[in-house]
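*Asks:* Please see the structure below; I have some questions.
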Amino acid sequence: MSMSELAPTLPPTLETGATLEGELAELIVAALNLEMPARQIDPEARLYGEGLGLDSIDILEIALVVSKHYGVQLRADDAANTQIFRSLRQLAAYVAAHRTK
Amino acid sequence: MLAYRGAEPVHAAHFLAEAHALAAALPPGRHIINVCTDRYRFAVGVAAALLAGKVSLLPPSHTPEVVRHLQAFAPDVFCLTDSADCPIDLPQVQFGSLAVGASAWAVPSLAAETLVAHVFTSGSTGVPVPHPKTWGRLAQCVRDGARQLGLPAGTALLATVPPQHMYGFESSVLLPLLAGAALVAERPFYPADVALALSALPRPRALVSTPIHLRALLALPQVLPAADLLLCATAPLDAELAREAESRFGAPLMEIYGSTETGQLATRRTASERPWRLLPGVSLSLESGRAWARGGHLEQPTPLCDELEMLPDGRFHLQGRLADVVNIAGKRSSLAYLTHQLLAIEGVRDGAFFLPEHTAPGQTGVTRLAAAVVAPGLAASALLAALRERIDPVFLPRPLLLLEHLPRNSTGKLPQEALRALTAPRPGP
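Written out as C-alpha cells, the structure is:
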C-alpha cells in the first residue's frame, strides 16, 4: 500500500485535531527525551530531517508509541518518504482516522 | 533462486544478464558509490562494477563532507542511484530499466585477489579510512559464516539493514551471491511491514536485523510469522530479548560480531550462550592491552575497537567498547572525530561531544550523544544544520548545550565527568 492511499480522506474537526496534536506532542517529547516543552513543537513543521530533526530511529520509536496508545500500526516502505511524518498535524490526522483505541 | 522482488522470483541467469547490461552502460570512471536503496539493484550494481573492472566505495554515510573526501580519494568516482532526487553531489547514473538480450551469460570467475570494494570507517582525524575487500577473502568469510550460522540452503534473507554497510553487505548481499541464499529486494521499515514481508516469503526464510528492529518487532501484539533463522548484529543483544525473539519467531537467533575493518569474526546463539565462537581459522591475541584478530579470512592482523576477555577454549566475552569509541544504533564513531567535526564549523570557538549519563534509552534501546559548544552568535539550529553536513544524523547531539565556556580544569583538560554534570537532571522548580 502506498502512502498516498494511506492519507486520511477527511480532516478531523479542529477541536479533536488540536487535542490529539497536544497529546501526541507530549508522547513524542517523552519518548524521545527531547529537551523542549511539547507546546513548542510547531504543528506544521517537518518532523523528519530538518525541522524537529528526527531520524529513522525516532520514527521507529514514535511508531511504537502510536501503536501502544492508539492501536495504530504504521505502514510504509520508507520512513523518509512518509507523508505521515511531514508534520505533527499530519501524524495527528492519520492517527485520528485510524485509531482503534 | 537468486532473489525475490516483491512476489517475483529472479533467477541467476536474469541477474547476470542485467549486470552485463548495466556494466556496458556505466561511465569510464573506475570508482562507484552505489547508493541504490533496492537491495536487488544494489547487488546488480556491485556485479556490474566487477564485470567492468570497477571498485565499489562503501562509506559510513553520504554527508557532503564525506562525499568530498571520497572524491579526493578517487577523483573519477561517480554515483549509481535508483532515486530520482539523490542529493549526492557527484556525477550520477540512474539505475533505469535495463534492456536484457537473449544471450546466456556464463557465471564469471573472478580471481581471488580481485578488489571488490573499499569499505570506509570514519577515521579519527576527519578523513575516512578505506578498508579494501577482495573477492576471495569475502567469499571465504561469508561461506565460513553460513556454515557456522547454520543457514539452510536456499534461505530467503529479508533484511532491515541497508546493503551499503559491512553487516548488510555480507549478510544480505554476499550470502545470497556466494553462499546459496536468496536475496530479498525490499527493505521494510515499520514493524508491521517487516512482519508482513517475512510472512510473504517462501520457507526457509530468515530475518537479518538489529537489536533496535527486533525490539520494535517484539512490541507488536500479533502473532509473528515463523522463521527458520534470525540474524542480529551492530550492537550487543540482550539474552532475554533473544529468548523472546526465538520463541515468537520459532527460530534460532544467531548474533554476529564483527567490524567494518574485519567483516564478521564470531557468532553466538545469544539465548543460550554468552561467549562468542570465532569463525574457522580466526584467532585473537592481546598486544599492549589491545585485542587483535588474525587468520581465517583476514588479510592481515587487525586491531579491534572492543575490550575482549579471552577464554581458555578460544572463545571470548565482549566487555565493552574502547574509551572514546561510540556506537549509536549500530553506527560507530569516536568522540574525538565528532568533536573534530564540531570544531571545524566556522564560528565555533570551543566544543566537545560526550556521552550523557542520565538519559534513559527509549523503547528501541538507543541512547544519544550530547555536545557542549561555545559559539557566540550562532543559534543551535544553525549549528545543527552545519553538523548535519558533516556527520551521520544518528550522532547529532541531543541535547546541544550552548555555553559561554566549557568546564575545562586548570590544565585546560575537559573531564568527561564535568561534561556529564551539564546534563544531570536539575531539581524541579
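Here the protein sequences line up with chains Z and A, keeping their order. Using the working numbering, count along the first sequence one by one with no gaps and you end on 87. Using the working numbering, count along the second sequence one by one with no gaps and you end on 462. Glycine included, C-beta positions come from ideal geometry on N, C-alpha and C.
#1: For R25 (chain Z) and chain A, any beta-carbon pair shorter than 8 Å?
#2: Which of helix, strand or coil does DSSP assign to G353 (chain A)?
#3: Report back the beta-carbon spacing between A266 (chain A) and Y37 (chain A) to the nearest angstrom; my notes put them in contact at under 8 Å.
#4: If you scan the segment 235 to 300 of chain A from start to end, which runs of the beta strand (DSSP E) of 3 or more residues do you find wholly inside it?
#5: Is DSSP giving L20 (chain Z) helix, strand or coil here?
#6: Mark S91 (chain Z) as exposed unless 16 or more other C-beta atoms lie within 10 angstroms of its C-beta, in which case mark it buried.
#7: Return the first residue and the last residue of the alpha helix (DSSP H) that L171 (chain A) is part of.
#8: For Y223 (chain A), would you say it is in contact with chain D, using Cβ-to-Cβ distances shorter than 8 Å as the test?
#9: Which residues, taken in chain order from the segment 247 to 270 of chain A, show a beta carbon closer than 9 Å to some beta carbon of chain Z?
#10: Assign P432 (chain A) to one of two classes, buried (16 or more other C-beta atoms within 10 Å of its C-beta) or exposed (fewer than that).
#11: So, R236 (chain A) versus T193 (chain A), is the Cβ gap smaller than 8 Å?
#12: Quick check: P269 (chain A) and L351 (chain A), are their CB atoms within less than 8 Å of each other?
#13: Mind listing which residues of the segment 69 to 87 of chain Z have their C-beta closer than 9 Å to chain A's C-betas, in chain order?
#14: Does DSSP classify T444 (chain A) as helix, strand or coil?
#15: Below 8 Å CB to CB, which residues in the same chain sit around H438 (chain A) once its five sequence neighbours on both sides are set aside?
#16: Quick check on DSSP: helix, strand or coil for F222 (chain A)?
#17: Given a cut-off of 8 Å, decide if L35 (chain A) and P209 (chain A) are closer than it, judged by their beta-carbon atoms.
#18: Bridge partners of L317 (chain A), per DSSP?
#19: Apart from the five residues just before and just after A66 (chain Z), which ones in its own chain have a Cβ nearer than 8 Å to its Cβ?
#20: So, do the segment 409 to 429 of chain A and the segment 96 to 108 of chain A have three or more beta carbon pairs nearer to each other than 8 Å?
#21: W168 (chain A) and A145 (chain A) - do their beta-carbons sit closer together than 8 Å?
#22: Would I121 (chain A) pass as an interface residue toward chain Z - the criterion being a Cβ-Cβ separation below 8 Å?
#23: Alpha carbons only, please: which of A:L59, A:A80, A:V358 and A:L55 is nearest the one belonging to V140 (chain A)?
#24: Taking just the CA atoms, how far does A54 (chain A) sit from V133 (chain A)?
#25: Can you tell me which residues form a DSSP beta bridge with A189 (chain A)?
#26: Is the separation between the beta-carbon of Q297 (chain A) and that of G178 (chain A) shorter than 8 Å?
#27: If I measure Cβ to Cβ from V81 (chain Z) and keep anything under 8 Å in the same chain, skipping five residues before and after, which residues do I get?
#28: Could you tell me if Q255 (chain A) is buried or exposed, where buried requires 16 or more neighbouring beta carbons within 10 angstroms of its beta carbon?
#29: Kindly list the residues whose CB is nearer than 6 Å to the CB of L211 (chain A), restricted to its own chain and excluding five residues on each side of it in sequence; keep chain order.
#30: Using only alpha-carbon positions, find the residue among A:I65, A:A405, A:E51 and A:L312 that is nearest to P430 (chain A).
#31: State the Cα-Cα distance for the pair E463 (chain A) and M287 (chain A), rounded to the nearest angstrom.
#32: In chain order, what residues of the same chain lie with their CB nearer than 6 Å to the CB of A451 (chain A), ignoring the 5 residues before and after it?
#33: Could you give the DSSP three-state label for A78 (chain Z): helix, strand or coil?
#34: Are A56 (chain A) and A85 (chain A) touching if we call contact CB-CB under 8 Å?
*Replies:* Taking the geometry as given:
#1: no
#2: strand
#3: Going by Cβ atoms, the distance from A266 (chain A) to Y37 (chain A) rounds to 22 Å, so no, they are not a contact pair.
#4: Entirely contained in the segment 235 to 300 of chain A, the beta strand (DSSP E) runs reaching 3 residues are, in chain order, 238 to 242, 262 to 265 and 286 to 292.
#5: coil
#6: Because residue 91 (chain Z) is not part of the residues shown, which for chain Z are -13 to 87, the question remains open.
#7: W168 to L182 is the extent of the alpha helix (DSSP H) around L171 (chain A).
#8: No chain D appears in the structure shown, which is made up of the protein chains Z and A.
#9: So the close ones are R248, A249, A252, L253, P254 and Q255.
#10: buried
#11: no
#12: Yes; because the gap between Cβ atoms is below 8 Å, this pair is in contact.
#13: none
#14: coil
#15: D383 and V407
#16: coil
#17: yes
#18: A:A326
#19: Low local confidence applies: a pLDDT of 49 at A66 (chain Z) is under 50, so the model's placement there is unreliable, with the coordinate-based value given in what follows. Cβ neighbours of A66 (chain Z) beyond the five flanking positions: Y34, G35 and S42.
#20: The segment 409 to 429 of chain A, when compared against the segment 96 to 108 of chain A, does touch it at the 8 Å Cβ threshold.
#21: yes
#22: Chain Z contact via Cβ: absent.
#23: A:A80
#24: 6 Å
#25: A:A215 and A:R238
#26: yes
#27: L6, L10, V52, Y56 and V58
#28: It is exposed - the Cβ of Q255 (chain A) has fewer than 16 other Cβ atoms within 10 Å.
#29: A172 and V175
#30: That would be A:A405, whose Cα lies nearest to the Cα of P430 (chain A).
#31: In the structure as shown, chain A begins at 34 and stops at 462. Residue 463 (chain A) is therefore absent and cannot be evaluated.
#32: P440
#33: helix
#34: yes
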